[in-house]
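Contents: one structure, followed by commentary.
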Amino acid sequence: MKKKKRRLSLAQKRAITGFVFISPWLIGFLIYYVRSIYMTVQFSLSEVSPAVGGYEAKFVGLKNLKYIFLEHPQFNQQLVISMRDVFIDVPLIIIFSLLMAMLLNQKFVGRTIVRAVFFLPVIMGSAAITTAIDNARSAMVGGVSSTAADIVDASSSSVNVDYYLALFKDIGLPSGILDYVVGAVERLSDVVSLSGVQIVIFIAALQSISGSLYEVAKIEGATGYETFWKVTFPMVMPHIITCLVYTVVDSFANSEVVSLSYDEIFSNNHYDYGSAMSLVSTIVVCAVLFAVVAVIQKRTFYYN
Amino acid sequence: MITIAKAKLRYQELQNDQFFQNDKRRALKYFKKFLFFLFRFFILLGVSYIILSPLIRMVAQSFFSDTDLTNPMVYIIPTQPTLEKYVAAWKVLPYPKTILMSLGNDIGLMLIQIFICSMVGYGFARFNFPLKGFLFGCVVIMIVIPTHAIMLPLYLTFTQTVSLYGTAGPFYLLTIFGSGLRSGLYIYLFNQFFRGLPKEIEEAAFVDGAGSFYTYFRIMLVNAMPSVITVAVFSLVWQYNDLFYSRLFGLSSVVSMRISALSQEVGAIYEIENPAYLTMYLYAGVVLILIPVILIYCVLQKFFIEGVERSGIVG
Chain H
0 MKKKKRRLSL
10 AQKRAITGFV
20 FISPWLIGFL
30 IYYVRSIYMT
40 VQFSLSEVSP
50 AVGGYEAKFV
60 GLKNLKYIFL
70 EHPQFNQQLV
80 ISMRDVFIDV
90 PLIIIFSLLM
100 AMLLNQKFVG
110 RTIVRAVFFL
120 PVIMGSAAIT
130 TAIDNARSAM
140 VGGVSSTAAD
150 IVDASSSSVN
160 VDYYLALFKD
170 IGLPSGILDY
180 VVGAVERLSD
190 VVSLSGVQIV
200 IFIAALQSIS
210 GSLYEVAKIE
220 GATGYETFWK
230 VTFPMVMPHI
240 ITCLVYTVVD
250 SFANSEVVSL
260 SYDEIFSNNH
270 YDYGSAMSLV
280 STIVVCAVLF
290 AVVAVIQKRT
300 FYYN
Chain E
1039 MITIAKAKLR
1049 YQELQNDQFF
1059 QNDKRRALKY
1069 FKKFLFFLFR
1079 FFILLGVSYI
1089 ILSPLIRMVA
1099 QSFFSDTDLT
1109 NPMVYIIPTQ
1119 PTLEKYVAAW
1129 KVLPYPKTIL
1139 MSLGNDIGLM
1149 LIQIFICSMV
1159 GYGFARFNFP
1169 LKGFLFGCVV
1179 IMIVIPTHAI
1189 MLPLYLTFTQ
1199 TVSLYGTAGP
1209 FYLLTIFGSG
1219 LRSGLYIYLF
1229 NQFFRGLPKE
1239 IEEAAFVDGA
1249 GSFYTYFRIM
1259 LVNAMPSVIT
1269 VAVFSLVWQY
1279 NDLFYSRLFG
1289 LSSVVSMRIS
1299 ALSQEVGAIY
1309 EIENPAYLTM
1319 YLYAGVVLIL
1329 IPVILIYCVL
1339 QKFFIEGVER
1349 SGIVG
């Protein structure tokens, strides 16, 4: 009897195995991240000044936070603008990349090449290449230029857009919708170049859907439209969450707020303000993400 | 009047004619298919053009000779194509050595990433343990935190606590402990994929007496092949292109660092001062370093297996 009591239950055993599985990450997280986050918080709560052999931190409480919110000329504004851009971009990117993944998942001649083309933005958009090209260009032009502007240059035509806009306005379309559509079209090249990763994730997701589900749907006489909403969409739902998280983080990582705090740290040597800024922006993004994911997670179907 | 009556009669006849109705249905089906084909063709063509147009100009300009660049008549096709830009970029990079070294490094890191992240993702997807929700929240936090927010502490760790500046050591140490370049995202991806797989396979394995690690390694990982390939592609490409960590840890001989220094070095070695000419050398270098990644992607994406063999299990 005693021996039996000492034995772990299956649930406890599974819990221990689970801990073993995640242990490499847990150790890394504690060593690298918790420590670093602690230091960042420390920086943002103190006045940091360079000293011999490193830096000197003096605790000042919430002074830095007060400064960035109340006194800094740009931070508030940039935070709001960045959040707004994220909200505009994310739905566009998700819908576009799901659509593209569904097209690319079909069989047609030259699929390998087209898929490679759609993956190109991931490679081309890398920091190494863009900074190298930007540096070369700014040496040439003497100013800021970006690859995105180039794409727009290349794809712009001689069609008078304003004329058509006026036409649609005359018909009586609400200008709010019109503005959104125009904005979406204007950002098309950005959206395309930002959705490479999502397209790859969605393709993998679509291919992990079992073919038998589609067979059943076909036998039952479901139309393509019904099949999409009843089979494809629920099955890729978990990956929509993944893409959502990635897209929000990615568009935030490239946003103005982050570059603002980067400049504050490396150009102005204000470790304290920069740390406070990145801390605040991280908290804001986390809050938004958790809220959105919590809402969607409830409606998500997991194949169990 | 007579003709109308005749036509009506004919219409009735056709309505009842099975063969005609079948033909009609088939024709409509083919027409729909054709329309869809056109739709897909134009959408893919248009988007591909948006993606490719800057690349096309880049490739074209990398073959330009100096006179072509200043010639307003030349837009895409150079009048005097030359390979001298490629030769110079090849020599300055130095291409074979840099590529081999970087790829070797990146493939090693990729394998570790796949192994560690899939393991952690599996742990989160299939086991229940205390604080699981909180810990998974930490994974998300890890994805969200901008890298430069923690770079200073990391830098201090790897230069002062352990002196590994200028070696690949920090990369391996970070990756082994699941904190490498975008590891959080890979853990998240694997978690979502494992949660999507049916539990029945594992239960069958468990009943047959397979241990947890055996089940994970020989059964789940094989079933999650699409996600493994996805992570493999991303981890390879991002590591290959990573400039941030390479600069932080002073790893100066990898591709990303070499390409960002290329135009300056070409300028210094070949004594070219005009930045417009230097851009052409840079384009040649970019094309050279893109080739291996694109090739690897084309090879790997063939392994995105069509419809994972799951049908027999769920029933």
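Residue numbers (the working numbering), protein chains in the order written: chain H, 0 to 303; chain E, 1039 to 1353.
Even for Gly, the Cβ is constructed at its ideal location relative to N, Cα and C.
- Rounded to the nearest angstrom, the gap between the Cα atoms of H:Ser81 and H:Gly182 is 16 Å.
- Here DSSP, grouped into helix, strand and coil, assigns E:Ser1301 to helix.
- Any Cβ of chain E closer than 8 Å to the Cβ of H:Tyr245 would place that residue at the interface, and such an atom is present.
- For E:Met1157, the enclosing alpha helix (DSSP H) begins and ends at 1133-1164.
- The Cβ-Cβ distance between H:Arg110 and H:Leu119 does not fall below 8 Å.
- Proximity of the region 1153-1161 of chain E to the region 1217-1229 of chain E meets the contact definition, three or more beta-carbon pairs being nearer than 8 Å.
- Distance from the CA atom of E:Asp1280 to the CA atom of H:Ile218, rounded to whole angstroms, is 49 Å.
- In this chain, H:Asn253 is not harboured by any alpha helix (DSSP H), its DSSP state being neither H nor E.
- Residue pairing of H:Glu46 in beta bridges, as defined by DSSP: H:Lys57.
- Boundaries of the alpha helix (DSSP H) around E:Phe1077: 1056-1100.
- In the DSSP assignment, E:Trp1128 falls within the unbroken alpha helix (DSSP H) covering 1122-1130.
- At a cut-off of 8 Å between C-beta atoms, H:Leu119 counts as an interface residue with respect to chain E.
- Under the criterion of beta carbons closer than 8 Å, E:Val1177 and E:Ile1239 do not qualify as touching, at roughly 25 Å.
- The C-beta separation of E:Ile1137 from E:Pro1264 comes to about 28 Å, leaving the pair out of contact by the 8 Å criterion.
- Counting along the chain, the unbroken alpha helix (DSSP H) around E:Val1178 starts and ends at 1170-1182.
- The beta carbon of E:Phe1069 sits no closer than 8 Å to any beta carbon of chain H.
- At least 8 Å separates the CB of H:Tyr163 from every CB of chain E.
- Taking 8 Å as the cut-off, the Cβ atoms of H:Ile132 and E:Leu1320 count as close.
- Comparing alpha-carbon positions, the option among H:Tyr301, H:Lys297, H:Gln296, H:Glu255 lying closest to H:Val79 turns out to be H:Glu255.
- Excluding its 5 nearest sequence neighbours in each direction, H:Val113 has C-beta neighbours in its own chain below 7 Å: Leu103, listed in chain order.
- CA-CA distance, E:Leu1173 to E:Ser1086, rounds to 41 Å.
- Between H:Val287 and H:Glu263, the alpha-carbon positions lie close to 24 Å from each other.
- A direct Cα-to-Cα measurement between E:Met1139 and E:Leu1149 gives close to 16 Å.
- For H:Asn75, the enclosing alpha helix (DSSP H) begins and ends at 74-103.
- Cβ atoms of H:Val121 and E:Val1275 come within 8 Å of each other, at about 6 Å.
- The beta carbons of H:Leu259 and H:Gln11 sit no closer together than 8 Å.
- Within the same chain, Cβ atoms closer than 7 Å to the Cβ of H:Pro237 are found at Thr299, Tyr301, the five residues on either side in sequence being excluded.
- Just so you know, the alpha carbons of H:Met101 and H:Ile208 end up roughly 12 Å apart.
- H:Pro90 has a beta carbon lying at 8 Å or more from every beta carbon in chain E.
- At a cut-off of 8 Å, the C-beta of E:Asn1060 has no neighbouring C-beta in chain H.
- Excluding residues up to 5 positions away in sequence, Val1304, Tyr1308, Tyr1319 lie with their Cβ nearer than 7 Å to the Cβ of E:Ala1126 in the same chain.
- When CB distances to chain H are screened at a threshold of 9 Å, the residues of the region 1174-1205 of chain E falling below it are Gly1175, Cys1176, Val1177, Val1178, Ile1179, Met1180, Ile1181, Val1182, Ile1183, Pro1184, Thr1185, His1186, Ala1187, Ile1188, Met1189, Leu1190, Pro1191, Leu1192, Leu1194, Thr1195, Gln1198, in chain order.
- Taking 8 Å as the upper bound for CB-CB distance, H:Asp271 and H:Phe42 are in contact here, some 6 Å apart.
- Going by beta carbons, H:Ile240 and H:Val190 fall outside the 8 Å limit.
- Under the 10 Å beta carbon count, E:Met1157 is surrounded by 16 or more other beta carbons and is classified as buried.
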